[in-house]
Amino acid sequence: MSASLEDASPLAIPPHATGFGFSLRRSGGHLSRSMMLPELRLLFAAVPATAGRADYRTAILEGNVLGKRTFSSRQKSEKHLYELYGLAPALALFRLLRRFAAEAPDSLPLLALTCVFCRDPQLRASFTLIEALKPGEVLLRARTEAHLESVFPERFSPIMLAGLATRVSVTWAATGHLKGRATRIRTLPIPTPAASTYAMFAGYLLGLRGDCLVSSVFARLVGADPALILSHLALGSQRGWLRLRHGGGVIEIDFSALLLPAEEAILNGSR
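Mapping of the sequence shown onto full-length UniProt numbering: residues 1 to 271, in sequence order.
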C-alpha cells in the first residue's frame, strides 16, 4: 500500500505503518509544544542509541537530563517528546532518526522534522500552507490560523488555534522553512544527504517506490528536487544506508538492510 496526497493533509497513513512509528492520532504534539529541538539534542547527548523506551523516560524523569526545574515539567516534557518522536528503538522511524542524527548531527533539524511530520497531523496539514508560499513571502499568524481551521473545522478554540499556529511556525523556522520572529518569512531549507535519505526512508516505509518516492512529499519536505534526492541517495549508498540502482529510466531504492525482519514482514505484507 502506498501513501497518497490529499488537499487537507499531504500524507495518508495506512494502519500497518503505526508499527514503524507513524501515528494515526487526530491530534499531535504541536497542540502543546513545537518540535522541541533543543530538548531532543540534550536527550540524544545523554542517552545512548541502544537505550529502550523505559531508559528515555528514566533519563528525563529521574536523571533530569533536560534540566527542568520541577518534576511536573519533566513529566510534561517526556510526554510531549514521546508524542513527537516515539522514543523507542522498536519503531523504525525513531531508530533510524537516532542513527542518522549520530552520523550527521548537523542534519538533526530536518531529520527531526521528518519524524514529527510522520506523527503529527497538525504539522502535516500546515505544510500545505508552507509549501504554497513563495520565497520571501510573509506569513502572518492569522493566515496560519485560518488554514488550520479550514483543515480542522471547529476542532479547536480560538485560543488553542492561535497557540497551534504559533508552535508550528516555530518548528518551520527551526528547520529553515521560515525565518524571523516577529515576522515570519518563507525561506528554503538546506537539504543534506542524511536528511534526504531519511526522508526517503520514511516514504519507503509507506510503500512509495521509484519516481513516486523521489518526487514525493517527503522530498519536498526537506527541500530537495528529484535530481538532488538521487545525488544524495548515491552518497548515502556509499555509506551503506541503502542500495540504489539508477539508470535506463529505472530507479530502484532498497532500504531493507535498515529494517528488522519483523518490519520487513509488515512491509511486504502491506503490498
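Cβ atoms here follow ideal geometry from the backbone N, Cα and C, with glycine treated the same way. Since this is a predicted model, take the numbers as computed values, not measurements.
Point to revise | Proximity to isoleucine 60 [Cα-Cα], best of Gln75, Phe100, Arg143, Arg95 | key: Its Cα nearest to that of isoleucine 60, the residue Gln75 stands out among Gln75, Phe100, Arg143, Arg95.
Exercise for review: Take proline 89 and list the residues in its own chain whose beta-carbon comes closer than 6 angstroms to its own, dropping the five residues that flank it on each side.
Suggested key: Only Arg95 meet the Cβ criterion.
**Study point:** Residues of its chain near arginine 184, where Cβ-Cβ distance is below 6 angstroms and the 5 sequence neighbours each way are ignored
**Key:** Non-local beta-carbon contacts of arginine 184 in its own chain, meaning distances under 6 angstroms to residues more than five positions away in sequence, involve Leu139, Ser169, Leu178 in chain order.
Check your understanding: Distance, Cα to Cα, arginine 209 vs threonine 192?
Key -> Cα-Cα distance, rounded: 20 angstroms.
Exercise for review: Could you tell me which of Pro158, Leu66, Phe117 sits nearest to serine 23, measuring between CA atoms?
Suggested key: Taking the Cα of serine 23 as reference, the smallest distance to any Cα among Pro158, Leu66, Phe117 is reached at Phe117.
**Study point:** Close Cβ partners of threonine 175 (< 7 angstroms) along its chain, the five nearest in sequence each way excluded
**Key:** For threonine 175, where only same-chain residues beyond five positions count, the Cβ hits under 7 angstroms are Pro109, Leu110, Leu113, Pro189.
Check your understanding: Any chance the CB of proline 193 is under 7 angstroms from a heavy atom of the ligand GTP?
Key -> The model on display carries no ligand, and the ligand GTP is accordingly not part of it.
Check your understanding: Which word fits threonine 70, buried or exposed, when buried means at least 16 other C-beta atoms lie within 10 angstroms of its C-beta?
Key -> Counting Cβ neighbours within 10 Å, threonine 70 comes out exposed, since fewer than 16 surround it.
Check your understanding: By how many angstroms is the C-alpha of valine 214 removed from the C-alpha of residue 272?
Key -> No statement about residue 272 is possible, as the shown extent of the chain runs from 1 to 271 and does not include it.
Review point. In the structure shown, what three-state DSSP assignment does aspartate 7 receive?
Key: For aspartate 7, the predicted structure reports a pLDDT of 37, less than 50, and the residue's modelled location is therefore unreliable. A value from the coordinates is still provided. Of the three classes helix, strand and coil, the one that applies to aspartate 7 here is coil, per DSSP.
Check your understanding: Residue range of the beta strand (DSSP E) that aspartate 254 falls in?
Key -> For aspartate 254, the enclosing beta strand (DSSP E) has its first and last residue at 250-254.
Check your understanding: If we count the other Cβ atoms within 10 Å of its Cβ and call it buried at 16 or more, is serine 126 buried or exposed?
Key -> It counts as buried.
**Study point:** Closest by C-alpha distance to methionine 200, when choosing among Ala165, Lys68, Leu93
**Key:** Answer by Cα proximity: Leu93.
Exercise for review: Can you tell me which of the three DSSP states lysine 179 falls into?
Suggested key: Looking at lysine 179 - three-state DSSP - the assignment turns out to be strand.
Point to revise | Close-in-space but distant-in-sequence residues of the same chain around leucine 259 (CB under 8 angstroms, 5 per side omitted) | key: Closer than 8 angstroms at the Cβ level, and outside the excluded window around leucine 259, lie Ala92, Leu267.
Point to revise | Straight-line Cα distance separating alanine 162 from arginine 141 | key: Looking at the two C-alpha atoms, the distance is approximately 8 angstroms.
Practice item. Would you kindly check if the distance between the Cβ of valine 65 and the Cβ of leucine 31 is under 8 angstroms? Key: Remark: C-beta atoms of leucine 31 and valine 65 do not approach each other more closely than 8 angstroms.
Review point. Which of helix, strand or coil does DSSP assign to arginine 53?
Key: Helix, per DSSP.
Review point. Measuring CB to CB, does leucine 244 end up less than 8 angstroms from alanine 234?
Key: The answer is yes: Cβ separation under 8 angstroms.
Practice item. Could you check if threonine 197 is buried or exposed, using at least 16 other CB atoms within 10 Å of its CB as the buried criterion? Key: Taking all protein chains shown into account, threonine 197 has 16 or more neighbouring C-beta atoms within 10 Å of its C-beta and is therefore buried.
Practice item. Measure the alpha-carbon distance for alanine 46 versus glutamate 62 and round it to whole angstroms. Key: Rounded to the nearest angstrom, the gap between the Cα atoms of alanine 46 and glutamate 62 is 13 angstroms.
Exercise for review: Would you kindly check if the distance between the Cβ of leucine 84 and the Cβ of glutamine 122 is under 8 angstroms?
Suggested key: No.
Point to revise | 8 angstroms Cβ cutoff, proline 158 in contact with chain B | key: Given the protein chain composition of this structure (a single chain), no chain B is represented.
Check your understanding: Got a sec, what are the start and stop residues for the alpha helix (DSSP H) histidine 16 sits in?
Key -> Run containing histidine 16: none; DSSP gives neither H nor E here.
**Study point:** Proximal residues to isoleucine 229 (C-beta, below 6 angstroms), its chain only, five neighbours per side dropped
**Key:** Closer than 6 angstroms at the Cβ level, and outside the excluded window around isoleucine 229, lie Ser196, Val214, Ala219.
Check your understanding: Between the beta-carbon of alanine 17 and the beta-carbon of leucine 242, is there less than 8 angstroms?
Key -> Not closer than 8 angstroms, so no.
Review point. Does the distance from the C-beta atom of serine 34 to that of threonine 171 stay below 8 angstroms?
Key: For serine 34 and threonine 171, yes; Cβs fall inside 8 angstroms.
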